[in-house]
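Asker: A single structure is presented below for examination.
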Amino acid sequence: MKKNNFFWISYADLMTSLFFIMLVLFVVTIGYLQFEKKATEKQLEKISELQTAVKQLPKKYFSYQPQYKRFKLNKQIHFNSGSTRINPEYYGYLNEVGHSIINLVDSLNANEEYESFDIKYLIVIEGMSSIDKYSRNFELSYERALSLYKFWKENDIVFNPEICEIQIAGSGTDGVREYTGIEERKNQQFLIHIVPKIGEITEKE
396 MKKNNFFWIS
406 YADLMTSLFF
416 IMLVLFVVTI
426 GYLQFEKKAT
436 EKQLEKISEL
446 QTAVKQLPKK
456 YFSYQPQYKR
466 FKLNKQIHFN
476 SGSTRINPEY
486 YGYLNEVGHS
496 IINLVDSLNA
506 NEEYESFDIK
516 YLIVIEGMSS
526 IDKYSRNFEL
536 SYERALSLYK
546 FWKENDIVFN
556 PEICEIQIAG
566 SGTDGVREYT
576 GIEERKNQQF
586 LIHIVPKIGE
596 ITEKE
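The opening residue of the sequence shown carries number 396 in our numbering; numbering runs sequentially from there.
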C-alpha cells in the first residue's frame with residue numbers, strides 16, 4: 396500500500412513538473428513569435444520605404460507609371476523605320492538619363508537606413524516596337540534596347556556590377572502598350588525597370 400502511495404506522489408510531482416515546463420515553453424514561444432512579428436513588420440516597413448525611394452528618379456527625365464510599375468522616358472525617342480541607330484539629337488538627353496540612374500542607385504546604396512538589406516538592383520532596359528508590316532519587330536525592339544546600353548558604355552556610363560545587374564529586353568509588339576490607332580508609333584520607346592533585389596535582412600547591433 397505504501398509503495399502505491401509513493402508511486403502516485405511521484406507521478407503527481409512528475410506531472411506538475413511537466414506542466415510548469417510546458418507553461419514556460421509556451422510563454423517563451425509566445426514571446427519569440429511577438430518578437431518575430433515586430434521584426435517582420437519593421438522589415439516590411441523598410442522594404443516599402445525602399446520601393447518608394449526607387450521611384451525618386453528625376454521627373455525631368457522619367458515618368459513613373461504606377462499601374463505598370465515601370466518608368467518611361469519623358470522624351471519620345473524616335474527611330475527611323477527599321478533602324479536601331481539612336482539619332483544624335485538625343486545623345487545629351489540619354490547621357491543625363493544614364494547618370495541620373497547611377498546617381499539614384501549610388502545614393503540608395505550609401506543610405507545607412509538600407510545597410511542591413513544587402514540590396515542589389517536589377518535594371519531592365521526594355522525596347523518596344525510599333526505594330527506595322529515590319530517582319531523583325533521583336534528583334535528590332537531588342538536591338539534598340541541594346542543600342543542604348545552600348546551608347547551608355549561608350550560614354551562611360553557603367554553600372555557597378557557588384558550592386559547592379561543589367562538586362563537587355565525587347566518586347567516587340569507585345570507587352571503592355573500605351574498607344575493605339577494614330578498614336579501607335581509612340582510605342583517605339585525605351586522603358587526602364589529598376590527592381591530592388593533584397594537579400595537576407597539583418598538587424599543592426
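We treat Cβ as the ideally placed atom computed from N, Cα and C, and that holds for glycine.
Keep in mind it's a predicted model, so treat the numbers as computed, not measured.
#1: Under a Cβ-count criterion, where at least 16 other Cβ atoms within 10 Å of its own Cβ denotes burial, should residue 555 be classed as buried or exposed?
#2: According to DSSP, is residue 521 part of a helix, a strand, or is it coil?
#3: Looking at the structure shown, is residue 493 part of a helix, part of a strand, or coil, going by DSSP?
#4: To the nearest angstrom, how far is the alpha carbon of residue 498 from that of residue 543?
#5: Look at the alpha carbon of residue 475 and the alpha carbon of residue 484, and state the distance between them as a whole number of angstroms.
#6: Work out the CA separation of residue 486 and residue 388 for me, nearest whole Å.
#7: Taking residue 534 as the reference, give the member of 462, 564, 495 and 482 with the closest Cα.
#8: With DSSP collapsed to three states, give me the class of residue 486.
#9: Are the CB atoms of residue 481 and residue 489 within a distance shorter than 8 angstroms?
#10: Among 473, 501, 522 and 577, which one has its Cα closest to the Cα of residue 586?
#11: Using 8 angstroms as the Cβ pair cut-off and three pairs as the minimum, do the segment 563-579 and the segment 502-517 touch?
#12: What separation, rounded to the nearest whole angstrom, lies between the Cα atoms of residue 515 and residue 450?
Answerer: In short, the structure shows the following:
#1: Locating residue 555 in the sequence shown gives position 160, where the first residue counts as 1. Counting Cβ neighbours within 10 Å, residue 555 comes out exposed, since fewer than 16 surround it.
#2: The residue labelled residue 521 in the question sits at position 126 within the sequence shown. Note: residue 521 maps to strand in three-state DSSP.
#3: Looking up residue 493 in the sequence shown gives position 98. Of the three classes helix, strand and coil, the one that applies to residue 493 here is helix, per DSSP.
#4: For the purposes of this step, residue 498 is identified with residue 103 of the sequence shown, where counting begins at 1. For the purposes of this step, residue 543 is identified with residue 148 of the sequence shown, where counting begins at 1. So the alpha carbons of these two residues sit roughly 18 angstroms apart.
#5: Position 80 of the sequence shown holds residue 475. Position 89 of the sequence shown holds residue 484. The alpha-carbon atoms of residue 475 and residue 484 are separated by roughly 13 angstroms.
#6: Here the chain comprises residues numbered 396 to 600, so residue 388 is not present and cannot be evaluated.
#7: Position 139 of the sequence shown, counted from the start, is the residue given in the question as residue 534. Ranking 462, 564, 495 and 482 by Cα distance to residue 534 puts 564 first.
#8: Looking up residue 486 in the sequence shown gives position 91. Helix.
#9: Reading the sequence shown from its first residue, position 94 is the one you call residue 489. Reading the sequence shown from its first residue, position 86 is the one you call residue 481. Annotated as proximal: residue 489 and residue 481, with beta-carbon spacing under 8 angstroms.
#10: Locating residue 586 in the sequence shown gives position 191, where the first residue counts as 1. Considering only alpha carbons, the answer is 522.
#11: no
#12: If you number the sequence shown from 1, residue 515 lands on position 120. If you number the sequence shown from 1, residue 450 lands on position 55. Approximately 16 angstroms between the Cα atoms of the pair.
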